[in-house]
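With numbering that gives the first Met the number 0 applied, the sequence shown corresponds to residues 0 to 475, in that order. Ideal Cβ placement from N, Cα and C applies to all residues, glycine included. Please read these numbers as outputs of a predicted model, since none were measured by experiment. Have a look at the structure below before the remarks.
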Amino acid sequence: MSIENPHIRKGNGYGRGNWKSFGRQYVRPCVGSFHHAVAPGKLEKHCTNITRDFCLLCLMKIASSLLLFYFFLPITFNIFRAKVLLLGQCITLLPVVNIFSANYRTARFKLRSFRCIYSLVYLALTGIYCTLFIRWYIRKGLNLAYFANCIYMVVVYLSAWLFFFIALRWQSILGAFSRCERSFLSDHYRRQSKGRFALGWKIRFTGFAIFALALVEDWLNYYSAYQSNIVQIATCNRTNVTVWQNFYLREHPHVFHWLPFNGFTIAITEWINRCMRYTWTYLDIFIISFCYGAQFRYEQIFRRLVAVQGIACPTNFWHDVRMDYVAVSELVQVLDAQFGHLILLACANDMYFIATQLFNGFQRRRVIANYVYFWYSLLLLMFRTIVMLYVGSGVYAASTSPLQLLRNVPSQHWGIDLQRLTDEVASGENVLSGKQFFFLKRQLILAMAGTLVTYELVLLDQVKKIPDTSTDCSYF
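Encoded structure:
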């Protein structure tokens, strides 16, 4: 007598790789005719084992699908931007609504929205905070450290306003990406990207890794300030204030000189400081993100040309490739026009603070936590600056990568579209810049390093050492 289960017979459609058959072939045997002959206890145990195996296989299938989506499938800039935008909106930047919508036309700036109100409240309070901060240190007397703090306040506050203005144009920026990416979602580009890290994975990994390092830096800064506060209490023999009251009076004298010391003012002050600190990091993350978006499309064109190397291609092939290349080049021009001021601000700010922090590295500190925080902060600043410059210059490097392949095409296969494509690649104009003051190429990294060395020698020769403030017992 055959005990073959009729629910899993060959040809019944249950083994074709769909989810219905995937579930039925593990669930239905529990009620088959063979299992009715099994003892009740064994039947329950058998069904439990099958259900457990079925759940494990479901989880494995879901996990493999997620890994495939996040690591290997090429996706659009419109899809990736949601999580990066959400990260910025947590610190009051880019107040755009409907960021998770698949249709880029619905992602827009909306004045009457919580995100916009949240950003405007932050901009208003931070403007007051920065004014009090700069006024306080000007009255106290500027030195290199105080001047650097004032520059930091101005740059971060200006960055927040620039991101707000970018949010006003965000829909048109996404439209430029969408028009460029229409042909890159076709099968011939998807096949060339198969088995490679996806655009979204690279952007999310780089962005969230840098932001995680910034979280560690923020904690080290807080701990370092707390330890310095303990040293000051012991040095000045303060017995009339609590540890935390002394901490906030010492760290934010420009605020608590005018406002009462209570939980509300502490919360607002901490919120403003956290948003300002992470805005500085997010500026580099944002530049890295859109540079990856343009660079990835140039790389797709290069891989498509590598796939047909040595093959006689028809005229319409070169016409299509040329139009795709022109579309990416037009996107780079849009990005340069929209984000050039961010690139200029980020490069100038990072370069200035690397120079001043290197100068401050030669002074002594009373607490080991100060040393740990200082060198961690400096190394992180140098790391994210190099990453930003390297990825930004990668757009130009990727735009010129097809040139050698095009020049190797035999003359008998040469045509007008191939000639125009070669001229477009060889022009070297597909590059991002800081409002045309400088261009993001690999040579810029060495040029900035040489400028930093020169500036550092001037600081060491001309500028006096900054006095130790840990023994300063005055609040105001």
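Worksheet item: Would the segment 302-314 and the segment 142-162 be scored as touching if the rule is three or more Cβ pairs under 8 Å?
Response: no
Worksheet item: What is the rounded straight-line gap between the Cα of F295 and the Cα of L141?
Response: 46 Å
Practice prompt. Within the segment 428-464, note down every full alpha helix (DSSP H) run reaching 4 residues or more, in order along the chain.
Written response: 441-461
Worksheet item: Could you give the distance in angstroms between the alpha-carbon of T130 and the alpha-carbon of V153?
Response: 9 Å
Worksheet item: Skipping 5 residues on each side, what residues in its chain have a beta carbon closer than 7 Å to that of C54?
Response: Note on C54: pLDDT 49, under 50, position unreliable in the model; the coordinate value appears next. Excluding positions up to five away in sequence, the list is empty.
Worksheet entry | Distance, G339 Cα to S177 Cα | 20 Å
Worksheet item: Just how far apart, CA to CA, sit E455 and Q356?
Response: 10 Å
Worksheet item: How would you label A397, buried or exposed, when you count the other beta carbons within 10 angstroms and need 16 or more for buried?
Response: buried
Worksheet entry | Residue closest to W135, alpha-carbon to alpha-carbon, out of R363, V254, V394 | V254
Worksheet item: Just the Cα atoms here: how many angstroms apart are L72 and L122?
Response: Confidence is the limiting factor: at L72 the pLDDT is only 39, short of 50, which leaves the residue's position unreliable and the question unanswerable from this model.
Discussion item. Restricting to Cα atoms, I'd like to know which of V430, E269, P313, I209 is closest to D416.
Written reply: P313
Worksheet item: Applying the criterion that 16 or more other CB atoms from any shown protein chain within 10 Å of the CB defines a buried residue, is V457 buried or exposed?
Response: exposed
Fill in: Residues near F183 by beta carbon distance below 8 Å, same chain, minus five either side
P73, R296, Q299, D323
Fill in: Start and end residues, alpha helix (DSSP H) containing Y281
262-306
Fill in: Range covered by the alpha helix (DSSP H) that runs through L212
198-235
Worksheet item: Under the DSSP definition of a beta bridge, which residues are partnered with L338?
Response: The identity of residue 338 in the sequence shown is Phe, whereas the question assumes Leu. None, per the DSSP bridge assignment.
Worksheet item: According to DSSP, what are the bridge partners of F108?
Response: V95
Discussion item. Below 8 Å, how does it come out for the segment 378-394 and the segment 280-288: are there three or more Cβ pairs, yes or no?
Written reply: yes
Discussion item. Could you compute how far the alpha carbon of C149 sits from the alpha carbon of M350?
Written reply: 16 Å
Worksheet item: Do you know how far the Cα of L377 is from the Cα of L451?
Response: 14 Å
Worksheet item: Since L404 is in the alpha helix (DSSP H), which residue starts that stretch and which ends it?
Response: 402-406
Worksheet entry | Cβ separation of T91 and Y128, assumed to be a contact under 8 Å, to the nearest whole Å | The Cβ separation is near 13 Å, so there is no contact.
Practice prompt. May I have the straight-line CA-CA distance separating V394 from I98, to the nearest angstrom?
Written response: 25 Å
Practice prompt. Would you give the residue range spanned by the alpha helix (DSSP H) that Y156 belongs to?
Written response: 143-167
Practice prompt. Might you give, ordered along the chain, the residues of its own chain that have their beta carbon closer than 7 Å to the beta carbon of H318, omitting 5 neighbours on each side?
Written response: D416
Worksheet item: How is W257 classed by DSSP in three states: helix, strand or coil?
Response: coil
Worksheet item: In this structure, does DSSP put N245 in helix, strand or coil?
Response: helix
Worksheet item: By how many angstroms is the C-alpha of V242 removed from the C-alpha of G433?
Response: 45 Å
Worksheet item: When you compare each of I310, Q332, A106 to Q411 by their alpha carbons, which one comes out closest?
Response: I310
Worksheet entry | N348 (DSSP reduced to helix, strand or coil) | helix
Worksheet item: Is the beta carbon of S328 less than 8 Å from the beta carbon of E423?
Response: yes
Worksheet entry | Continuous alpha helix (DSSP H) stretch holding Y136: start and end | 113-139
Fill in: When G126, T125, L84, L124 are compared against F108, the one with the closest alpha-carbon
L84
Worksheet entry | A211 Cβ short of 7 Å to the ligand COA heavy atom set | In the structure on display, the ligand COA does not appear, and there are no ligands present to speak of.
Practice prompt. Please state whether DSSP places H412 in a helix, a strand or coil.
Written response: helix
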